Amino acid sequence: MAETRPLEILVIDDDVDLSKLLVFQLEGEHVDTASGGQEGIDMYVKRLHDAETDSTKKPYDLVLTDLSMPRVSGVDVIRKVKELSPNTLVYVVTAFERTEEYDRIAKELEQLKFNGTIPKPFTMANINRIIEQVRAQITPTQNPSGYNKPQNYQS
44 MAETRPLEIL VIDDDVDLSK LLVFQLEGEH VDTASGGQEG IDMYVKRLHD
94 AETDSTKKPY DLVLTDLSMP RVSGVDVIRK VKELSPNTLV YVVTAFERTE
144 EYDRIAKELE QLKFNGTIPK PFTMANINRI IEQVRAQITP TQNPSGYNKP
194 QNYQS
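Its first residue numbered 44, the sequence shown is counted upward by one per residue in the working numbering.
Structure (structure tokens):
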């Protein structure tokens, strides 16, 4: 069986402790963190450019972004990532309650073709399911469109 390469993951969250927890839970993968939406977009754009100009660099396979951040929100992050690279997998990590505002945001996220939601607080099982799904989705023969209906991962 072929050896699986570590995934290239970008975690974007203004909660530094949550980012550290995700880095710990994603041990064995290549994980970069950004403390806000604009920093995350900048890192994503740089990595995408580096991968286009240097064959030894890989673009991010997965972006995990908080939804509610100051100045540049998770929706803004998803919009930019999907504009630049529609097949990049993007999951929202959020503690949003089901409200009218959340429903409005959820409709916008579906239009942006995000890949799913990880509710806070999450468990290691939530994260493992995402990693398994990402590995399956980045295999072109298994998912040539690069998009699956959004998933909601709860414990």
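Don't be surprised by glycine CBs; every beta carbon is placed ideally from N, CA and C.
On a predicted model such as this, the values are computed, not experimentally measured, just so you know.
C-alpha gap between residue i and residue j, whole angstroms
i: S98; j: D75; result: 19 Å
i: K100; j: H92; result: 9 Å
i: S62; j: V136; result: 11 Å
i: L69; j: R147; result: 31 Å
i: P110; j: T96; result: Before going further, note that residue 110 is Leu rather than Pro in the sequence given. Near 31 Å, if we compare the C-alpha coordinates of T96 and L110.
i: I181; j: R172; result: 14 Å
i: A94; j: I170; result: 26 Å
i: R178; j: V118; result: 24 Å
i: Q185; j: L127; result: With a pLDDT of only 38 at Q185, under 50, the local geometry of the prediction cannot be trusted, and the value read off the model is given with reservation. C-alpha separation (whole angstroms): 22 Å.
i: L23; j: E151; result: This structure cannot speak to residue 23, because the chain is shown only from 44 to 198.
Bridge-paired residues (DSSP) for residue i
i: A77; result: I55
i: T108; result: I55 and V135
Residue closest to residue i, alpha-carbon to alpha-carbon, out of the options
i: S78; options: K123, I55 and L65; result: I55
i: G83; options: P129, L132, Q154 and K123; result: K123
i: D57; options: V120, P102, E95 and R48; result: V120
i: L50; options: Y103, L110, G117 and Q180; result: Y103
i: G71; options: I181, Q180, I174 and Q81; result: I174
i: R48; options: T160, F67 and H73; result: H73
i: L112; options: A168, V59 and I52; result: It is Met, not Leu, that sits at residue 112 in the sequence shown. Minimum Cα distance to M112 is reached at V59.
i: E153; options: P162, V133, A138 and D85; result: V133
Host alpha helix (DSSP H) of residue i (start-end)
i: V120; result: G117 to L127
i: I170; result: M167 to Q180
Residue i CB to nearest heavy atom of the ligand FMN below 7 Å
i: R178; result: Ligands in the displayed structure: none, and consequently the ligand FMN is not present.
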